[in-house]
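Residue numbers (our numbering), protein chains in the order written: chain C, 45 to 690; chain E, 12 to 380. Built from N, CA and C at the ideal position, the CB exists for glycine as well. Since the model is a prediction, treat every value here as computed from it, not as a measurement. As structure tokens, the structure follows; a few thoughts come after it.
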């Protein structure tokens with residue numbers, strides 16, 4: 045039995061931040077949880093689906109729908125959780141704006157996982173501003189224990205205010221592990237029923253909608269004031285340090301750990317105090333103002349946007365404090381960088397400058413833990429796994445666009461295949477934005493022939509992305525007679541985030557049978573010309589793609605959809621299986637000579653291929669080779685040979 | 012002559028608008044490929060030397076080397092190059108009837124070479140409407156399908172390169188001077204590959220003064236409200252005709268030659284070769300009689316083929332008049348003179364044109380180069 049579901053309050057376990065959030069939600073007695081996979085949030089829904097049969101968990105088609113599914117449960121009186129990574133909040137934002145105004149019934153918490161430093165993202169989006177924009181309360185756990193406790197309390201808060209509550213986590217909290225002491229698990233007893241026949245303005249029994257906007261917006265403001273009051277007393281806002289510190293650090297989230305670590309390592313505990321805010325929106329005025337009154341220097345340590353910094357400055361400006369005696373350091377003074385994630389080194393640099401520490405900026409890690417400095421890791425390009433179908437797909441797309449020779453280009457989308465922008469993907473992707481935007485951009489590019497553009501346009505999207513947000517732009521393109529080729533890189537799962545199922549698969553979130561939705565039939569029903577190829581068959585794929593791009597098929601021009609179907613090499617059904625035994629015939633391999641110039645290891649560059657520099661020959665890495673056999677089609681000398689496994 | 016690599020080829024020739032799509036650089040490797048009538052650089056190759064560069068007739072031609080390799084003779088700077096015999100020639104009584112441009116000499120020679128077993132297969136240029144299509148042929152019927160002139164430049168050499176790479180030997184080929192120069196350079200085994208074998212059994216060149224850009228011609232026809240894909244064939248009658256004939260399904264349209272000449276590939280202006288100097292046999296029109304061809308016999312094996320073709324009734328030959336020879340020589344000399352002037356104008360004679368290109372690799376995303 046997972047410690048997550050054990051009913052032993054007081055026990056302490058090592059838990060990942062995301063698991064602590066799960067435990068908090070279980071302790072709050074949630075009934076429904078919905079989300080869309082996205083690093084660093086994915087483990088929350090995944091874990092809930094695995095460990096609890098009492099909860100309805102769902103991988104929704106996208107984050108907006110996840111939020112709607114969770115809201116429906118709340119409207120019916122249940123406690124519910126919606127989970128997404130930060131870009132997902134952007135997708136859900138439209139509904140969230142209305143939900144914030146209409147209010148909720150059962151406690152409803154939105155977990156947004158931000159990725160400062162863009163470790164697993166292609167932006168450095170910031171969710172905290174949404175709390176302000178949507179006018180909803182927000183909590184930011186600063187450690188693993190808080191992740192559990194805050195999540196649990198967030199449901200209570202939501203029910204007190206009849207408002208959705210935002211809980212913001214970050215990669216370094218979600219994916220790191222720490223000690224968590226368990227609370228009590230309730231016995232679920234809520235029954236779902238949607239009341240709608242009460243008074244229009246009755247939050248518990250009337251219809252749930254945003255009008256009348258004036259009245260609802262006023263009531264939303266009142267709820268926020270109530271939240272601010274509750275936050276004044278919250279134990280999640282803490283202070284550690286001397287009564288009148290020379291420098292006051294105001295921080296939130298995981299930056300609390302960095303700040304306290306650096307204060308201790310630099311030996312400035314008697315000079316520096318740390319005010320950690322856990323209830324960051326609306327800002328609790330009293331704890332902040334009373335601390336500001338005890339110091340002359342303030343440093344804000346936070347990631348991405350100067351959110352706390354601005355809020356505190358606004359608060360200070362409207363207070364009785366003598367601002368001329370206060371100096372603020374932070375992102376505006378450039379003591380804390382405006383981009384990238386925080387770390388102890390960055391906090392050290394800021395503290396050293398502000399406190400004029402003689403040693404200057406030092407790395408606390410190497411200084412205090414001798415022997416921990418390791419030689420630098422050899423640089424290695426990010427690339428596709430051995431046997432990845434995307435490598436073959438991009439090899440073909442790139443080849444075809446170059447052969448066509450009209451400077452055609454490919455609009456990228458979100459998934460492992462985003463790496464198509466890198467050398468491992470032959471630099472094939474020329475645009476890369478949000479989910480589904482590759483198809484939307486292609487729809488727009490495909491209309492520019494009127495202005496002399498004759499470059500062929502290709503868009504790629506994954507199977508999960510197709511359902512998430514590529515369908516509307518595809519409909520748009522077909523209806524508006526745009527012309528482009530959409531290549532759907534169907535690897536049979538939401539591979540990048542860990543093979544979560546999507547509507548195209550015959551299983552649901554819990555692995556039970558579910559009706560699959562056939563991508564090709566959907567596209568054909570929309571009116572696109574469709575074909576399916578195996579990307580490992582380079583010749584057939586390239587031939588089909590050339591036909592689509594040259595527009596020689598029936599339905600010349602228009603929208604073409606090529607589905608390149610081949611399961612991910614790491615997918616549970618394919619892992620540790622090999623279709624071919626692959627070997628290099630050293631007598632045929634010409635290495636770096638003209639006629640080849642080692643296209644296998646220099647260009648195709650599957651990690652399963654090794655360049656044996658000593659012998660000037662390619663060889664196969666038997667450990668890594670996934671046996672897809674594609675490199676045999678790439679080798680112009682037929683030196684790479686594949687033999688089907690019996 | 013220093014052999015450089017794909018960087019210089021791409022930079023100076025392909026991107027420099029000097030390429031005449033002969034296809035000599037293409038399909039030798041996985042990087043440079045022909046598609047339709049175009050040459051595409053599929054992936055980047057960073058070799059400092061390459062057969063692609065050596066094969067290109069525009070990067071520079073080592074006439075001394077070609078002469079010694081193909082004819083075992085020192086190069087003499089004569090407008091018609093090395094030759095053993097000059098004839099006027101036409102199809103023989105045994106040649107199947109076909110749609111020949113002039114005397115049907117080329118088709119007759121290829122059929123003879125195939126029938127005699129001099130070659131096993133031949134790479135020719137067929138067409139699809141006005142669009143040329145390189146083809147591999149093995150029968151007389153297929154040879155006839157490829158008869159008559161094509162006016163759009165075609166990468167026929169790429170088809171030959173593919174066949175040679177796949178191990179075909181004893182090949183025949185018919186091509187224009189640029190294609191034949193590319194082929195000749197490749198036959199010198201420019202990078203001294205140990206596995207090199209000359210794949211050619213018979214090389215037949217055709218006279219050429221210029222070729223058209225497919226893209227240019229297509230856009231021009233579209234501007235004349237002619238669907239390029241509906242054109243059955245195109246013909247340019249010998250002087251003094253001033254119009255090109257464009258045959259459509261129902262009618263033949265006439266378009267001014269002055270317009271058509273503007274669509275000539277810029278790379279043709281630097282070509283010094285009119286009669287295909289580096290071949291076994293070269294064939295062209297005979298100005299005074301459109302029923303006949305001019306036939307230049309350059310090699311011993313070319314001569315043997317002509318003799319056997321005559322013996323077997325596939326070819327008819329007659330002595331050529333001195334006037335014809337003089338006119339041809341003058342025309343060839345003039346083309347060479349114009350080309351050298353153009354090369355000088357374009358800086359191709361500058362020693363820097365033969366030096367490696369220093370290209371700064373593009374800074375790519377994530378700092379990779």
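Cβ-based neighbour list, residue i, same chain, cut-off 6 Å, excluding 5 preceding and 5 following
i, result
"residue 31 (chain C)", "Outside the shown range of chain C (45 to 690) lies residue 31 (chain C), about which nothing can therefore be said."
"residue 369 (chain C)", "340"
"residue 161 (chain C)", "384, 385"
"residue 198 (chain E)", "209"
"residue 66 (chain E)", "35, 36, 193, 196, 197"
"residue 379 (chain E)", "With a pLDDT of 42 at residue 379 (chain E), under the threshold of 50, the predicted position of this residue should be treated as unreliable, though the coordinate-derived value follows. Nothing listed; no residue qualifies."
"residue 99 (chain E)", "297, 303, 329, 331"
"residue 665 (chain C)", "652, 654"
Residues bridged to residue i (per DSSP)
i, result
"residue 143 (chain E)", "E:138"
"residue 345 (chain C)", "C:295"
"residue 173 (chain C)", "Paired residues: none, contrary to the question."
"residue 577 (chain C)", "C:608"
Sub-9 Å separation of residue i and residue j beta-carbons
i, j, result
"residue 536 (chain C)", "residue 460 (chain C)", "no"
"residue 367 (chain E)", "residue 137 (chain E)", "no"
"residue 202 (chain C)", "residue 127 (chain C)", "no"
"residue 486 (chain C)", "residue 436 (chain C)", "no"
"residue 143 (chain E)", "residue 340 (chain E)", "no"
"residue 218 (chain E)", "residue 164 (chain E)", "no"
"residue 283 (chain C)", "residue 313 (chain C)", "no"
"residue 71 (chain E)", "residue 365 (chain E)", "yes"
"residue 316 (chain E)", "residue 127 (chain E)", "yes"
"residue 292 (chain C)", "residue 316 (chain C)", "yes"
Contacts around residue i, its chain only, beta-carbon distance under 7 Å, and the 5 residues preceding and following it disregarded
i, result
"residue 140 (chain E)", "240, 242, 243"
"residue 147 (chain E)", "132, 134, 170, 174"
"residue 287 (chain C)", "338"
Exposure of residue i, with buried meaning 16 or more beta-carbon neighbours within 10 Å
i, result
"residue 207 (chain C)", "buried"
"residue 598 (chain C)", "Note on residue 598 (chain C): pLDDT 49, under 50, position unreliable in the model; no value is reported."
"residue 75 (chain E)", "exposed"
"residue 269 (chain C)", "exposed"
"residue 483 (chain C)", "buried"
"residue 226 (chain C)", "buried"
"residue 55 (chain C)", "exposed"
"residue 67 (chain C)", "buried"
"residue 610 (chain C)", "buried"
"residue 320 (chain E)", "buried"
"residue 689 (chain C)", "exposed"
"residue 46 (chain C)", "exposed"
"residue 458 (chain C)", "buried"
Residue interval of the beta strand (DSSP E) (run including residue i)
i, result
"residue 372 (chain C)", "371 to 373"
"residue 128 (chain C)", "124 to 129"
"residue 499 (chain C)", "That residue, residue 499 (chain C), is in no beta strand (DSSP E); it is neither H nor E in DSSP."
"residue 330 (chain E)", "326 to 330"
"residue 267 (chain E)", "263 to 267"
"residue 58 (chain E)", "Careful: residue 58 (chain E) lies outside any beta strand (DSSP E) and carries neither H nor E."
Where the alpha helix (DSSP H) through residue i begins and ends
i, result
"residue 226 (chain E)", "225 to 234"
"residue 592 (chain C)", "582 to 594"
"residue 246 (chain E)", "Here residue 246 (chain E) belongs to no alpha helix (DSSP H); instead the beta strand (DSSP E) covers 244 to 246."
Distance cut-off 8 Å: residue i Cβ against heavy atoms of the ligand MN
i, result
"residue 150 (chain E)", "You won't find the ligand MN in this model; it holds no ligand whatsoever."
Other residues of its chain near residue i: CB distance less than 8 Å, five sequence neighbours each side excluded
i, result
"residue 357 (chain C)", "372"
"residue 272 (chain C)", "326, 327, 328, 329"
"residue 463 (chain C)", "426, 427, 428, 434, 469"
"residue 96 (chain C)", "49, 70"
"residue 338 (chain E)", "298"
Q: Give, in chain order, every residue of the segment 642 to 653 of chain C whose Cβ lies closer than 7 Å to some Cβ of chain D.
A: The structure shown has no chain D; the protein chains it does contain are C and E.
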